[in-house]
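>
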Amino acid sequence: MRTRPEALGAFLLIGSGTMMAYVAAHPLVLAAGWWICCAPLLVGTWDEVGAHRSIKGQVIVACTAMTLLALLPMIAPATEAVHWALAALFVLAVALRHGLFPLHGWLIGAFEHGPLLRITLLFNGQLALLLVARSKTLLPLAIATPVLEVICVLACLASLIAGVRAFAERKPRRVIAYVLVSVSASVLAGLASGDIKAIAGAIAPWLAQRVASTGMWRCCARWRPAPPSRLTPRSPRPGRPLRD
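The letter at position 122 of the sequence shown is residue 226 when you use this note's numbering, and the numbering goes up by one with no holes.
1) Since V279 contacts A270 with CB under 8 Å, what's their CB separation in whole angstroms?
2) So for K301, helix, strand or coil by DSSP?
3) If I measure Cβ to Cβ from L261 and keep anything under 7 Å in the same chain, skipping five residues before and after, which residues do I get?
4) In the region 239-264, which residue ranges form an unbroken alpha helix (DSSP H) of at least 4 residues, counting only runs that do not cross its ends?
5) Within its chain, find whatever has a CB closer than 6 Å to the CB of A169; leave out the 5 residues flanking it on each side and keep chain order.
6) When you compare only the Cα positions, how much space is there between R157 and A293?
7) Going along the chain, which residues of its own chain have a beta-carbon closer than 7 Å to the beta-carbon of G209, five neighbours each way excluded?
8) Excluding the five sequence neighbours on either side, which residues of its own chain have a C-beta within less than 6 Å of the C-beta of H187, listed in chain order?
9) Whose C-beta lies closer than 7 Å to the C-beta of P144 among residues of the same chain, with five residues either side of it excluded?
10) At the level of alpha carbons, what is the spacing between L220 and L211?
11) Can F215 and R274 be called in contact, C-beta distance under 8 Å?
12) Measuring alpha carbon to alpha carbon, tell me which residue in L231, P250 and T183 is nearest V291.
13) Are the CB atoms of A266 and V254 nearer to each other than 8 Å?
14) Roughly how many angstroms lie between the CA atoms of S120 and I140, to the nearest whole one?
15) Give the single residue among I179, E184, A189 and I164 whose Cα lies nearest to the Cα of R201.
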């Protein structure tokens with residue numbers, strides 16, 4: 105199977121941006137990793153132009169929130185208002201990047217209309233989990249715990265809603281998206297809870313989700329709908345009855 109140059113470039117950007125974010129020692133480098141790995145979603149054109157425009161807007165908002173989260177402590181004094189602004193930016197960045205309800209629309213649309221393998225690789229980077237793991241270094245200690253509690257509640261609700269929503273879907277791509285959002289949201293809830301048992305219990309579903317997402321992508325890539333000619337009966341010729 106031949107890989108197109110633009111697809112290969114997208115894979116390299118997603119991989120390099122994810123690795124940069126994971127090894128970043130400074131918040132600005134972490135923000136740069138977010139922009140690099142999300143770059144394949146911001147360039148090119150999709151079949152659904154309106155959906156792509158909406159997805160690009162929400163991705164830009166998420167990356168901008170991450171950038172402001174890294175810049176604000178460097179340019180503003182440590183006041184209570186700045187602390188709560190950091191908390192709001194942190195929750196917004198995690199919710200948008202991870203696809204937490206009700207900010208999950210861009211991720212579902214990306215799975216439905218975008219290149220499936222690239223979206224799966226981008227989602228499996230789990231940069232929102234990385235952000236939660238580094239919350240103690242990005243947020244003041246006084247508000248880090250309340251913010252993580254809010255994210256834990258949002259993640260539990262997102263896992264429940266996305267899991268139920270997956271049963272009502274008929275399109276394979278949307279089913280994959282909702283299943284991945286549900287499983288990964290439960291992992292995010294376990295990590296944000298701060299409990300050792302919950303964190304240990306979140307690791308196994310995380311690894312299983314990464315393996316299962318690749319398998320579901322392969323199944324969806326091989327699945328092709330039957331041609332319309334095979335689904336509709338042939339019209340009878342004039343003067344001849346249609347046989348059973």
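Even glycine gets a Cβ: it sits at the ideal position worked out from N, Cα and C.
Here the structure is a predicted model, which is why all the values come from computation and not from measurement.
In this structure, then:
1) That belief holds up - the Cβ atoms of V279 and A270 are roughly 6 Å apart, short of 8 Å.
2) Here K301 sits in helix by DSSP.
3) Closer than 7 Å at Cβ, skipping near neighbours: F205.
4) Runs of the alpha helix (DSSP H) inside the region 239-264: 239-242.
5) Within the same chain, A169 has close Cβ partners L193, L196 and A197.
6) Rounded to whole angstroms, the gap between the alpha carbons of R157 and A293 is 30 Å.
7) If you ignore the 5 residues before and after G209, its C-beta comes within less than 7 Å of no other C-beta in its own chain.
8) Leaving aside the five residues that flank H187 on each side, the residues in its chain whose CB is nearer than 6 Å to its CB run, in chain order, P244 and I247.
9) Correct list, in chain order: A114, L117, I118 and R222.
10) Spanning the two alpha carbons is a distance of roughly 11 Å.
11) No. Outside cutoff.
12) Check the Cα spacing between V291 and each of L231, P250 and T183: the tightest is with L231.
13) It is not a contact, given that the beta carbons lie outside the stated cut-off.
14) Each residue's alpha carbon lies about 8 Å from the other.
15) Comparing alpha carbon positions, the residue from I179, E184, A189 and I164 closest to R201 is I164.
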